[in-house]
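Under the numbering used here, think of the first position of the sequence shown as 25, with each following residue one higher.
Below is one structure; the comments refer to it alone.
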Amino acid sequence: MYVGRFVVVGPEVGAYRVSSRSFPNRKLTARDDALTVGPTADASETDNPYVSYNCLRIVETPTGETAAFGNGSHVDPIAEKLELGYPARDALAESLLALDYEKDDYDTPRIAATLGENGEALIGTVRKDALLVETVEEPTLVATYEEDSPTAFELEVDGAAEAASEVYDHEFEHAVCAAGIARTDGGFETAIENGD
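Quick look at the structure:
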């Protein structure tokens, strides 16, 4: 099954995977407190605004570090609102609503999640017909296609690298790259799986 891009978040770990039929020549790159999706050296030039973006950012909030991750440019305003002290629910809802679903041929939903130091995890999506933001107690997935409402997902992993590998290797079709994040005693750790 092809579900497009998807996020999974649970109380301790999270992951994001790029799956693509149209733009497979992409990879993840680590930069400071962000992971960025962008074209590989051999990718064709494109003016598509949805191909490159920060997919994961870790920010310092008034209550500690929080990670925001998702499938597009909405990750930056979510992270910025978290830094300003917005509750995660409000940061997700306001940013998803403001940027709305992607105005492409498929009305692609925007998906996102947050993972806080205090064990709080939320997941959200904005589709053409709905805005959904939920607190999660167990690993939960939302994707751009087919699985476009939050649903339980089995993700039993130890650490960010396992989370990235697990979602990259999942049976959903057309994997391109994946990011993992996990809460540790020393803060968050991240990992990248580019399928090299």
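For every residue, glycine included, the Cβ atom is placed at its ideal position computed from N, Cα and C.
When DSSP reads this structure, Cys201 sits in a beta bridge with Val42.
By the criterion of at least three beta-carbon pairs nearer than 8 Å, the stretch 77-85 is in contact with the stretch 101-119. In the three-state scheme derived from DSSP, where H, G and I count as helix and E and B as strand, Val75 is classed as coil.
DSSP places Arg113 in the helix class (H, G or I) of the three-state scheme. When the five nearest sequence neighbours on each side are left out, the beta carbons in the same chain lying within less than 7 Å of the beta carbon of Leu155 are those of Ala117, Leu120, Leu121, in order along the chain. In the displayed model, Ala184 falls within a helix according to three-state DSSP.
Between the C-alpha atoms of Ala188 and Asp153 there is a straight-line separation of about 30 Å. Selection Asn49, Glu89, Val75 evaluated against Gly210 yields Glu89 as nearest (Cα-Cα). DSSP places Pro63 inside the beta strand (DSSP E), whose first and last residues are 58-63. The beta carbon of Arg151 is closer than 7 Å to those of Tyr125, Pro133, Asp172 in its chain, skipping five residues each way along the sequence. Per DSSP, Val33 is one residue of the beta strand (DSSP E) stretching across 30-33. Beta-carbon to beta-carbon, Leu52 and Ala203 are separated by about 6 Å, close enough to satisfy the 8 Å threshold. Beta-bridge partners assigned by DSSP to Val166: Val31.
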